[in-house]
Amino acid sequence: MKELTIGIDIGGTNTKYGIVDRDGNVVFQGSISTAEYEEFRDYFNGLAAALRKATESIPFAHKIIGVGVGAANGNYYKGTIERATNLKWKGIIPLADMFKEEFGIPAIVTNDANAAAVGEMVYGAAKGMKDFVVITLGTGLGSGFVCNGILLNGKHGIAGEVGHTSVNPAGRFCNCGKRGCLETYVSATGIKRTVYKLLADHLEPSELRGISFDNLTTKMITESAVRGDVVALAAFEYTGRILGMKLAETVVHTDPEAIFLFGGLSLAGDLIFKPTIKHMEANLMPLFRGKVKVLPSGLQNQAAPIIGASSLVWNYLDNKQLKEEVY
Numbered sequence: 001m002k003e004l005t006i007g008i009d010i011g012g013t014n015t016k017y018g019i020v021d022r023d024g025n026v027v028f029q030g031s032i033s034t035a036e037y038e039e040f041r042d043y044f045n046g047l048a049a050a051l052r053k054a055t056e057s058i059p060f061a062h063k064i065i066g067v068g069v070g071a072a073n074g075n076y077y078k079g080t081i082e083r084a085t086n087l088k089w090k091g092i093i094p095l096a097d098m099f100k101e102e103f104g105i106p107a108i109v110t111n112d113a114n115a116a117a118v119g120e121m122v123y124g125a126a127k128g129m130k131d132f133v134v135i136t137l138g139t140g141l142g143s144g145f146v147c148n149g150i151l152l153n154g155k156h157g158i159a160g161e162v163g164h165t166s167v168n169p170a171g172r173f174c175n176c177g178k179r180g181c182l183e184t185y186v187s188a189t190g191i192k193r194t195v196y197k198l199l200a201d202h203l204e205p206s207e208l209r210g211i212s213f214d215n216l217t218t219k220m221i222t223e224s225a226v227r228g229d230v231v232a233l234a235a236f237e238y239t240g241r242i243l244g245m246k247l248a249e250t251v252v253h254t255d256p257e258a259i260f261l262f263g264g265l266s267l268a269g270d271l272i273f274k275p276t277i278k279h280m281e282a283n284l285m286p287l288f289r290g291k292v293k294v295l296p297s298g299l300q301n302q303a304a305p306i307i308g309a310s311s312l313v314w315n316y317l318d319n320k321q322l323k324e325e326v327y
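Quick note on numbering: the UniProt record's numbering labels position 183 of the sequence shown as 183, and the sequence is numbered without any gaps.
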């Protein structure tokens with residue numbers, strides 16, 4: 001009987017879920033709408049029904065040994081989602097307890113960037129590394145820290161919110177309630193805001209003029225930059241400069257071996273990596289220069305959030321077994 005885990009990535013629009021084996025192979029993958037459910041209980045019931053249907057479709061003998069969930073503002077210690085700005089359900093949601101009650105198996109909840117960090121360590125390019133950082137560049141900016149082989153959760157289970165460190169206290173408004181947060185400049189949404197600022201400042205022709213903010217995508221900006229569009233190129237340089245400066249600050253806290261960039265904006269390749277590395281090195285404390293690698297994630301595929309979330313279970317069980325052996 002093969003042991004399997006469930007991985008769930010809860011986004012503001014859709015929830016991706018999958019069933020994953022120990023080697024990171026996704027044996028089933030699906031999704032449901034997050035946004036269509038007004039009440040969380042209705043959402044959970046819909047997700048539970050989808051998961052039951054998924055497990056019943058697996059054509060070989062198996063045992064589901066746990067559920068891993070990545071979600072914005074996921075609290076590892078409490079197994080809760082706490083006041084997530086990108087979800088319509090407010091307050092504190094006891095998600096892990098609900099899964100345990102529904103399925104009778106362990107449920108591990110953390111923020112989506114922490115899930116990505118564990119996934120990178122278990123299945124990705126951070127295999128064998130004990131000290132690294134994962135930066136997720138999606139609608140917002142998330143971060144996960146691994147120190148001495150252990151995910152950093154902090155006292156309250158919500159450590160590692162680099163996206164809400166300050167770039168400019170009087171800067172852009174952020175959904176968290178602050179102003180000038182890093183993610184308002186460095187994210188899919190952030191680079192769109194930068195493009196519109198640059199379009200106002202530049203007089204040169206740009207193929208991005210005439211595209212509405214809602215229709216503009218990171219892919220469009222990337223393709224325009226590849227074609228030499230002056231505004232698109234300036235947007236990546238500006239974004240990389242801010243990210244590089246903030247990564248230089250991040251390095252001094254944990255002395256990582258590498259920083260991995262994950263998510264849509266990182267798919268721009270050298271357009272984002274080159275300015276980020278240049279400005280990180282220029283702003284690093286001299287003692288750290290030339291020592292910290294900035295690398296693409298090894299999990300850049302559609303199933304990556306699912307794999308990352310499922311890896312929380314394997315990581316949890318492995319650490320639990322290790323503690324039992326030691327004590």
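Positions of the beta carbon are idealized from the N, C-alpha and C atoms, including for glycine.
Contact between the segment 82 to 90 and the segment 122 to 136 is absent: fewer than 3 CB-CB pairs across the two stretches fall below 8 Å. Put simply, the backbone Cα of ALA159 is about 14 Å away from that of LEU141. Only buried fits LYS246, as 16 or more other CB atoms lie within 10 angstroms of its CB. Counting C-beta atoms within 10 angstroms of its own C-beta, ASP112 has 16 or more neighbours from the protein chains shown and is therefore classed as buried. Contact between the segment 187 to 207 and the segment 220 to 235 is established, with three or more Cβ pairs separated by less than 8 Å. Pairing CYS174 with CYS181, the inter-Cα distance amounts to about 6 Å. Sorting PHE273, GLU102, CYS176 and LYS100 by C-alpha distance to the C-alpha of GLY163 places CYS176 at the top. If you draw a straight line from the Cα of ALA96 to the Cα of ILE306, it comes to about 17 Å. In the DSSP secondary-structure assignment, CYS181 is bridged to SER166.
DSSP assignment within the segment 77 to 161 yields the following whole alpha helix (DSSP H) runs of 4 residues or more, N-terminal first: 95 to 103 and 112 to 122. The Cβ atoms of THR217 and LEU271 lie no closer than 8 Å to each other. Closest option to THR110, judged by alpha-carbon separation, among GLY157, GLU102, PHE103 and TYR123: GLY157. Per the coordinates, the alpha-carbon of ALA107 lies some 40 Å from the alpha-carbon of PRO275. Two segments are said to touch when three or more pairs of C-beta atoms, one from each, lie closer than 8 Å; by this definition the segment 274 to 294 does not touch the segment 310 to 319. Taking C-alpha positions only, ALA35 is separated from SER311 by approximately 26 Å.
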